[in-house]
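If you read the protein sequences in the order shown, they are chains A and B. First residue of the first sequence? That's 2 in my numbering, and the numbers climb one at a time after it. First residue of the second sequence? That's 2 in my numbering, and the numbers climb one at a time after it.
There are 2 protein chains.
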Amino acid sequence: MSYAEFPSKALENAVNHFASLPGIGRKTAFRLVMSLLRRDRQEVAGFGESIAALHNDIVRCTVCNNISDTGICSICADDRRDRTLVCVVENIQDVMAIENTRQFRGVYHVLGGVISPVEGIKPSDLYIAGLEEKASSGTVTEIIFALSATMEGDTTNFYLYKKLGKYNVALTTLARGVAVGDELEYTDEITLGRAINNRNPYRQ
Amino acid sequence: MSYAEFPSKALENAVNHFASLPGIGRKTAFRLVMSLLRRDRQEVAGFGESIAALHNDIVRCTVCNNISDTGICSICADDRRDRTLVCVVENIQDVMAIENTRQFRGVYHVLGGVISPVEGIKPSDLYIAGLEEKASSGTVTEIIFALSATMEGDTTNFYLYKKLGKYNVALTTLARGVAVGDELEYTDEITLGRAINNRNPYRQ
Chain A
2 MSYAEFPSKA LENAVNHFAS LPGIGRKTAF RLVMSLLRRD RQEVAGFGES
52 IAALHNDIVR CTVCNNISDT GICSICADDR RDRTLVCVVE NIQDVMAIEN
102 TRQFRGVYHV LGGVISPVEG IKPSDLYIAG LEEKASSGTV TEIIFALSAT
152 MEGDTTNFYL YKKLGKYNVA LTTLARGVAV GDELEYTDEI TLGRAINNRN
202 PYRQ
Chain B
2 MSYAEFPSKA LENAVNHFAS LPGIGRKTAF RLVMSLLRRD RQEVAGFGES
52 IAALHNDIVR CTVCNNISDT GICSICADDR RDRTLVCVVE NIQDVMAIEN
102 TRQFRGVYHV LGGVISPVEG IKPSDLYIAG LEEKASSGTV TEIIFALSAT
152 MEGDTTNFYL YKKLGKYNVA LTTLARGVAV GDELEYTDEI TLGRAINNRN
202 PYRQ
């Protein structure tokens, strides 16, 4: 069923906006807008405002490029974080994923993507200048490359390594191996090969 | 991965609103908001306004209860529509579905739901008074019950029949039978039984 003719321009406008979101088709968009129409007027107005506020209220942290409500994000502003340890990630989802592990007490540096010739993302499109500044400052002792284990992630790792290797700072990457819960039978050969080569002493 | 701590209140607020929509989980909501953050500021503001406008700009047609930008919807306002023929539907999606067939030139009456003891929807929750007014007015000659072929739809049909049977107006329902494209083998017994009993002369 297509919805060629809408009974209301306002309805059509809202449906078009929802349908422009990734993974939301026109039928789903219509269903979402209809669910909003059944809701309280105040609540729906709040929804609209929360979207309009996105670009106005959210800024980039001037230190790490994470998103924030203030000029410096809550992580960079936290005195208990170790500023000599910088974890390089692709985007803010990765910051949140690592924060959720509660294993990392350093600070972050959000590149804003990875180098990808296919998608036309060049090193100059990423926030690499700021990272080089940190590496050369003398206050940072270790930089962890925490990028995706993909071709693009590896390319970016290599580029960063070439760029930052000359400074007096340790460059490390995330451990690669068999994921917790994975069955060996279904683990790919490259991961399994690396896991064997990088084996660790057994700890109970 | 849970997103317990958001780096920005504005981000969290927008994600919460998206996650409140039916069928949208927190991870999807987050992905949608991130996609908005990558977009043009103007475009995102337009999205927010389109939602805020929903309750302000959309009204119910005073004649048929369809949604509309004006007091009387475009169908009821159209002089070429046959106002002696009223099609009773559950909601505006059904109006649009029937309009898309281009087979109906009458007008509609949107009940706003069907009677459902399970969901606590009583006849008084539906726009039935307006329908009785039309039936008793003498200007309507036929009322088509075009409700879903479900228990609730059948209950509502029966209730309307009891309510409207006393007026001088023909009450009809949609034809039930094997859907176009359906294989007999997979058609349920009740549908097939009704289709046999309601068989029609063969037309080429």
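Where a beta carbon is used, it is the ideal one built from N, C-alpha and C, also for glycine. Fair warning: this is a prediction, and the values are worked out from it, not measured in the lab.
Is the beta carbon of residue i sitting closer than 8 Å to the one on residue j?
i, j, result
"A:Gly131", "A:Asn198", "no"
"A:Val1", "A:Ile145", "There is simply no residue 1 of chain A to check, as chain A begins at 2 and stops at 205 in what is shown."
"B:Ser36", "A:Leu22", "yes"
"A:Arg81", "A:Gly107", "no"
"A:Ile116", "A:Tyr162", "no"
"A:Glu143", "A:Thr102", "no"
"A:Gly210", "B:Gly49", "No statement about residue 210 of chain A is possible, as the shown extent of chain A runs from 2 to 205 and does not include it."
"A:Val45", "A:Phe31", "no"
"A:Ala11", "B:Asp70", "yes"
Alpha carbons only, please: which of the options is nearest the one belonging to residue i?
i, options, result
"A:Ser125", "A:Cys74, A:Asp41, A:Ala11 and A:Leu112", "A:Leu112"
"A:Arg195", "A:Gly114, A:Phe159, A:Val179 and A:Leu22", "A:Val179"
"B:Leu38", "A:Tyr187, A:Ala150, A:Glu6 and A:Gln94", "A:Gln94"
"A:Gly47", "B:Phe31, B:His18, B:Glu100 and B:Ser69", "B:His18"
"B:Ala54", "A:Ile68, A:Arg42 and A:Lys164", "A:Arg42"
"B:Thr157", "B:Ile68, B:Ile122 and B:Ala11", "B:Ile122"
"B:Phe7", "A:Glu44, A:Ala78, A:Arg32 and A:Glu100", "A:Glu100"
"B:Val64", "B:Lys10, B:Met97, B:Lys135 and B:Leu148", "B:Lys135"
"A:Glu120", "A:Ser138, A:Thr140, A:Val60 and A:Glu153", "A:Glu153"
"A:Thr174", "A:Val87, A:Lys28, A:Asp79 and A:Val141", "A:Val87"
"B:Ser138", "B:Ser149, B:Asn169 and B:Tyr109", "B:Asn169"
"A:Val147", "A:Ala98, A:Leu33, A:Glu186 and A:Pro118", "Before going further, note that residue 147 of chain A is Ala rather than Val in the sequence given. Among A:Ala98, A:Leu33, A:Glu186 and A:Pro118, the Cα nearest to that of A:Ala147 is on A:Ala98."
"B:Gly114", "B:Val96, B:Glu91 and B:Ile68", "B:Glu91"
"A:Leu172", "A:Arg200, A:Val141 and A:Ile129", "A:Val141"
Kindly give me the distance between the Cβ atoms of residue i and residue j, rounded to whole angstroms, as I take these residues to be in contact under 8 Å.
i, j, result
"A:Ser51", "B:Asn57", "Not really, about 17 Å apart at Cβ, beyond 8 Å."
"A:Lys164", "A:Glu184", "Not a contact, Cβ separation roughly 39 Å."
"B:Ser9", "A:Ile59", "5 Å"
"B:Thr192", "B:Arg177", "7 Å"
For residue i, which residues does DSSP report across the bridge?
i, result
"B:Thr174", "B:Phe146"
"A:Leu86", "A:Glu143"
"A:Tyr128", "Paired residue(s): none; A:Tyr128 is not in a bridge."
"A:Arg61", "A:Ile68"
"B:Ser138", "In DSSP, B:Ser138 forms no bridge with anything."
"B:Gly107", "B:Asp83"
"A:Ile122", "A:Ser117"
With respect to 7 Å, is the separation between the Cβ of residue i and the closest non-hydrogen atom of the ligand ADP below this value?
i, result
"B:Lys10", "Absence of the ligand ADP from the depicted structure is noted, as is the absence of any ligand whatsoever, leaving it without description."
*Note down, in chain order, all residues in the region 59-83 of chain B with a beta-carbon under 7 Å from any beta-carbon belonging to chain A.*
Ile59, Asn67, Ile68, Ser69, Asp70, Cys74 and Ser75
_Contacting positions in the region 39-50 of chain A - beta carbon closer than 8 Å to chain B_ = Arg42, Val45, Ala46, Gly47, Phe48, Gly49 and Glu50
*What residues in the region 110-125 of chain B bring their beta carbon closer than 9 Å to a beta carbon of chain A?*
none
*Identify each residue in the region 91-104 of chain A for which the Cβ-Cβ distance to at least one residue of chain B is less than 9 Å, and report them in chain order.*
Listed by position along the chain: Asn92, Ile93, Gln94, Val96, Met97, Ala98, Glu100 and Asn101.
*Using a Cβ cut-off of 7 Å, which residues of the region 144-176 of chain A contact any Cβ in chain B, in chain order?*
none
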